[in-house]
Amino acid sequence: MRILIALPLLVFSLATEAAQVAVSAVRYWTAPDHIRLVLDTTGPVEHNLFTVPNPDRLVIDLKNVTLKSRMGEPDGGNPFLKGMRSGIQNGKDLRLVIDLKQPVRPKSYVLTPGGGYGHRLVFDLFESRGTAEPKPVVTVEQSAKGGLRDVVVAVDAGHGGEDPGALGTRGVREKDVTLAIARRLADRINREPGMKAVLIRDGDYFLPLRKRMQIAREKHADLFVSIHADAFHDKRARGSSVFTLSRKGASSEAARWLAESENRADLVGGVSLDDKDDVLASVLLDLSQTATMQASNDVAHQVFSELNRLGNVHVGRVQQAGFMVLKAPDIPSLLVETAFISNPDEERKLTDSAYQGRIAGALINGIRGFFHANPPIDTKLAQMLKGNRQTSANAAFQPPLSSETHIGQEDIEPATTGSAERVTKREKPKFPFDG
């Protein structure tokens, strides 16, 4: 009788042990405003999360879980993490304790298998030192008082951190090649007189799509360029693509901005929507979006033309789509699929530094062409181009050069036909009656 009772208990014990999930790896990435801690697990897990002060700690309880991976110590320069330790509770539950350098505001969520990863438990830790003082909003008029500025180009390397993007047949990850190309493009932009690059992501960490837009707006970007690598189930697919925001995507974003009070309090094209009635706010937002979409299409065609010269393009035109990162209502934006990472030949090219440089070269040529034709009026670039054109125009009416001079006619830059009117009238998209 005792044997019969013990047998079911043994079976139950073995089943429980077999069902126990393991933490196979502990990883973390540091982003500019938070740190992401990732637990790779062999299956879905139940967890409980809480913080403890004096000293600051983050405690993670995992039900019926074991730890198979060593918890490496964070480096000394980590702004959030001091150390990590673990212990077993109730004989089967895992407790992880993260010693912190400062209080944090944690968020957690579960990711199912995908992108080359298995089950994951993700924790985003944000700084939590009381309510921060609101940053003063710098309007176009205020920035103009400080003198001429650089043209700002926001360069967004797609994916990152826990989101690897598409994977090539050789295991090349989209997030790695996009960051490499983005850095090369930023370097080329910074070499251009009167232009400055802002890297939205400058490391291997994850940024939500709207956060990328937010960073670009906070940096007062004149252009947003998102770098990606395409993928398709047919490995023969190849070539570059350029996308701008579709009208449908713009309409849905306009509705969102008008519906959310936090957006209406922000500036769109230099004008606050917070003190406008619904009809006027809708008109203002529509005007800003229309100007922004036109500028987006203009620069996209310049970039597409340069990529076409470089080699094969996937489709013979600029395409439209509702990509989230293209939805800033007052920043011209484009998304560039540099090549198909799913194509073995193009996957190899994407890891080649020379090819990355050629892609960056095509992009800067298109960007330069757009801004030289449409420089924002409050920029050093506009002033520089205006001076060049005045010099060229004056030279056209001067008498023949003396034989004593050492300047040839070929040294004088020719005037750009029809560009003077565009320089005075085109600027960073904003409302036409903005002042």
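Be aware that the sequence shown starts at 1482, since it is given in my numbering, and climbs by one per residue.
Each residue gets a CB set at the ideal place from its N, CA and C atoms; glycine is no exception.
- Taking C-beta atoms as the reference points, V1632 and P1856 count as a pair closer than 9 Å.
- For K1830, the enclosing alpha helix (DSSP H) covers residues 1825-1831.
- Beta-bridge analysis with DSSP links Y1509 to L1518.
- Residue pairing by DSSP puts Q1801 in a beta bridge opposite T1725.
- For F1531, the uninterrupted beta strand (DSSP E) run begins and ends at 1528-1533, by DSSP.
- M1565: member of the beta strand (DSSP E) spanning 1562-1570, first to last residue.
- In this structure, T1650 sits near S1823, with a CB-CB distance shorter than 9 Å.
- For F1852, the secondary structure class from DSSP, reduced to helix, strand or coil, is helix.
- A check of alpha carbon separations from T1522 across N1571, K1861, V1591 identifies V1591 as the nearest.
- Between H1782 and the set V1723, L1807, P1813, K1700, the nearest pair of CA atoms involves V1723.
- Beta-bridge pairing by DSSP links G1595 to Y1598.
- Taking all protein chains in view, the Cβ of V1636 is crowded by 16 or more other Cβ atoms within 10 Å, so the residue is classified as buried.
- Around the beta carbon of G1595, a 10 Å sphere encloses fewer than 16 other beta carbons of the protein chains shown; the residue is thus reported as exposed.
- Within the same chain, P1555 come within 6 Å of L1562 by CB-CB distance, once the 5 residues on both sides are set aside.
- In the three-state scheme derived from DSSP, where H, G and I count as helix and E and B as strand, E1554 is classed as coil.
- In terms of CA proximity to D1542, F1531 leads the group P1536, A1697, F1531.
- In this structure, the alpha-carbon of A1506 lies about 27 Å from that of P1534.
- Scanning its chain for C-beta atoms nearer than 6 Å, with the 5 sequence neighbours on each side dropped, one finds around R1669 the residues A1841, I1845, in chain order.
- Annotation: L1807 is outside any alpha helix (DSSP H) and is labelled neither H nor E by DSSP.
- Excluding five sequence positions before and after H1853, the CB atoms of its chain that fall closer than 7 Å to its own CB belong to L1866, given in chain order.
- Taking all protein chains in view, the Cβ of H1515 is crowded by 16 or more other Cβ atoms within 10 Å, so the residue is classified as buried.
- Proximity of the segment 1677-1685 to the segment 1782-1794 falls short of the contact definition, fewer than three beta-carbon pairs being nearer than 8 Å.
- Here the alpha carbon of K1808 sits roughly 43 Å from the alpha carbon of R1566.
- Where I1541 is concerned, the enclosing beta strand (DSSP E) starts and stops at 1538-1543.
- The three-state secondary structure of A1647, taken from DSSP, is coil.
- In the three-state reduction of the DSSP assignment, A1835 falls in the helix class, which pools H, G and I.
- Collapsing the DSSP output to three states places H1709 in a strand.
- The continuous beta strand (DSSP E) containing A1820 extends over residues 1814-1821.
- G1646 is not a Cβ neighbour of A1512, given a cutoff of 9 Å.
- Assignment of E1608 by DSSP, reduced to helix, strand and coil, places it in the strand class.
- Taking 9 Å as the cut-off, the Cβ atoms of L1704 and S1550 do not count as close.
- For V1603, the CB contacts under 7 Å within the same chain, skipping 5 residues up- and downstream, are R1517, V1519, S1589, Y1590, L1592, E1643 in chain order.
- The three-state reading of DSSP puts I1845 in helix, counting H, G and I together.
- In this structure V1546 does not touch V1578 by the C-beta definition: roughly 15 Å separates them, more than the 8 Å allowed.
- In chain order, V1507, M1565, R1566, S1567, L1577 place their CB closer than 8 Å to the CB of M1552, counting only its own chain and leaving out the 5 sequence neighbours on each side.
- Contact between V1806 and R1693 holds, with the beta-carbon distance rounding to 5 Å and staying under 8 Å.
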